[in-house]
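Single-structure report; data block below.
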Ligand code: 1HE
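Set out below in structure tokens:
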């Protein structure tokens, strides 16, 4: 994956003190990098907590985030060296810690785009599935080796991955160790965009800048209401949709954007090139 060509600079304050995440910003876009390449960005307890810390402490003015992994792989999943000595009770708390951190990412204040390359396996796939959009490079491969390791997903994979791929594909991945390549992953719904090698970050930054230009309340409605409505009975979903839509429309940012279109100051919807 190529280095970013954007003018990103390290953030100051608390987020500059994290040890396994590097956090940079360029205008309204935050870039966080899993920075444990020697261990293929395997997620240990520190890294889980640091991910949570970022989304609890987003710097002022941030409106979208990009998450990527340093080195040859996005993420090798759970740090297996921390599992062997765990009791059952510790295992439950460990999994709940991942849930808290990943919920903070999914239901935090800004949309998140993940850039995938190399291994996106186990907890790495659970993390990717928690982001709001996924951009994959051709080197990406997706696996759920939990079945082979004698464990089960614990980082929200059973909830989030089937919502992308369907239960049947995840069952296959876990029972047989089936690995999907980038093209298969795109067809299975694991990525939203499949780009050329080394193009993932640039694509994600471009998407993040577009997202950041939307009205914040509109983005918030998308990230908060859509996944909840998807879980509701249709009648309740429609009711929540009406409330959310009225709240978003009532915001001055929405009124201004609608006026801009009607008075020919805003762009039309055009076919993508
Ligand atoms: C690790 C881990 C890890 C690498 N925990 N240390 N995840 C897995 O079962 C995936 C296990 N990892 C792999 O299959 C491979 O490492 C990769 C395909 C990701 C990368 O291969 P490669 O050849 O580039 O690297 P490597 O030589 O295998 O690993 C380099 C180092 O990273 C090595 O340590 P070293 O001290 O010997 O240099 C590896 O031990 C270490 N490493 N992956 C700990 N995962 C909340 S529940 C979630 C449940 C799960 O995620 S289960 C799936 C776990």
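Residue numbers (the working numbering): 1 to 273. Ideal Cβ positions, reconstructed from N, Cα and C, are used throughout, including at glycine.
Which residues bound the beta strand (DSSP E) around residue 141?
Along the chain shown, read from residue 1 onward, the residue named residue 141 stands at position 141. Looking at the DSSP string, the run of the beta strand (DSSP E) that includes residue 141 is 141-143.
What does the alpha-carbon distance come out to for the pair residue 151 and residue 124?
Taking the chain shown and counting its residues from 1, one reaches residue 151 at position 151. Taking the chain shown and counting its residues from 1, one reaches residue 124 at position 124. Spanning the alpha carbons of residue 151 and residue 124 requires a straight line of approximately 15 Å.
Looking at ligand 1, does it come within less than 7 Å of residue 162, judged from the CB to the closest heavy atom?
One-based indexing of the chain shown puts residue 162 at position 162. Checking the 7 Å criterion, the Cβ of residue 162 is out of range of every heavy atom belonging to ligand 1.
Relative to the alpha-carbon of residue 207, which residue among 60, 19, 67 and 241 has its alpha-carbon at the smallest distance?
Against the chain shown, residue 207 aligns to sequence position 207. Comparing Cα positions, the closest option is 67.
Have a look at residue 95 and residue 249 and give me their C-alpha separation to the nearest angstrom.
Against the chain shown, residue 95 aligns to sequence position 95. Against the chain shown, residue 249 aligns to sequence position 249. Cα-Cα distance, rounded: 39 Å.
Which one of 41, 10, 50 and 83 has the shortest CA to CA distance from residue 18?
Here residue 18 corresponds to residue number 18 of the chain shown, with the count starting at 1. Each of 41, 10, 50 and 83 was checked against the Cα of residue 18, and the nearest Cα belongs to 50.
Residue 223 to residue 105, Cα distance in whole Å?
Position 223 of the chain shown, counting from 1, holds the residue named residue 223. Position 105 of the chain shown, counting from 1, holds the residue named residue 105. CA-CA distance, residue 223 to residue 105, rounds to 10 Å.
So for residue 151, helix, strand or coil by DSSP?
Walking along the chain shown from the start, residue 151 turns up at place 151. Coil, per DSSP.
Boundaries (first-last residue) of the beta strand (DSSP E) holding residue 24:
To locate residue 24, count along the chain shown from 1; it is residue 24. Per DSSP, residue 24 is one residue of the beta strand (DSSP E) stretching across 21-26.
Coarse secondary structure for residue 31, derived from DSSP in three states:
Against the chain shown, residue 31 aligns to sequence position 31. It is a strand residue.
Closer than 8 Å is the cut-off here; do at least three beta carbon pairs connect the segment 103-118 with the segment 191-206?
Enough Cβ pairs lie closer than 8 Å, so yes.
Buried versus exposed call for residue 43 [16 or more other C-beta atoms within 10 Å across all chains shown]
Your numbering for residue 43 matches position 43 in the chain shown. With 16 or more other Cβ atoms inside 10 Å of its own Cβ, residue 43 counts as buried.
With DSSP collapsed to three states, give me the class of residue 194.
For the purposes of this step, residue 194 is taken as residue 194 along the chain shown, with counting starting at 1. DSSP places residue 194 within a strand segment (E or B) once states are collapsed to three.
Could you tell me the alpha carbon to alpha carbon distance between residue 89 and residue 172, rounded to whole angstroms?
For the purposes of this step, residue 89 is identified with residue 89 of the chain shown, where counting begins at 1. For the purposes of this step, residue 172 is identified with residue 172 of the chain shown, where counting begins at 1. Straight-line Cα distance between these residues: approximately 29 Å.
Looking only at DSSP bridge pairs, what is residue 68 linked to?
By one-based count along the chain shown, residue 68 stands at place 68. BP columns for residue 68 point to 33.
Determine the extent of the alpha helix (DSSP H) in which residue 229 is found, giving its start and end residues.
Here residue 229 corresponds to residue number 229 of the chain shown, with the count starting at 1. Boundaries of the alpha helix (DSSP H) around residue 229: 216-231.
Among 122, 138 and 72, whose alpha-carbon lies nearest the alpha-carbon of residue 144?
In the chain shown, residue 144 corresponds to position 144, counting from 1. Residue 122 is the option with its Cα nearest to residue 144.
For residue 126, verify whether its CB is less than 7 Å away from any heavy atom of ligand 1.
To locate residue 126, count along the chain shown from 1; it is residue 126. Checking every heavy atom of ligand 1 against the Cβ of residue 126, one is found closer than 7 Å.
Taking the straight line between their C-alpha atoms, what separation do you get for residue 55 and residue 28?
Mapped onto the chain shown, residue 55 falls at position 55. Mapped onto the chain shown, residue 28 falls at position 28. Approximately 14 Å, taken between the alpha carbons.
Beta-carbon proximity check, residue 13 vs residue 72, cutoff 8 Å:
Here residue 13 refers to the residue found at position 13 when the chain shown is read from its first residue. Here residue 72 refers to the residue found at position 72 when the chain shown is read from its first residue. No.
Taking 7 Å as the limit between beta carbons, can you name the residues of its chain near residue 148, skipping five residues before and five after?
Start at 1 with the first residue of the chain shown, and residue 148 comes out as number 148. Close CB contacts of residue 148 within its chain, under the 7 Å cut and outside five residues either way in sequence, are with 177 (chain order).
In chain order, what residues of the same chain have a beta carbon less than 8 Å from the beta carbon of residue 226, not counting five sequence neighbours either side?
Here residue 226 is taken as the residue at index 226 of the chain shown, counted from 1. Same-chain partners within the cutoff: there are none.
beta-carbon residue 72 near ligand 1 non-hydrogen atom, thresh 7 Å
One-based indexing of the chain shown puts residue 72 at position 72. Within the cutoff, so yes.
Unbroken alpha helix (DSSP H) run spanning residue 212, endpoints
Position 212 of the chain shown, counting from 1, holds the residue named residue 212. First-last of the alpha helix (DSSP H) with residue 212: 200-213.
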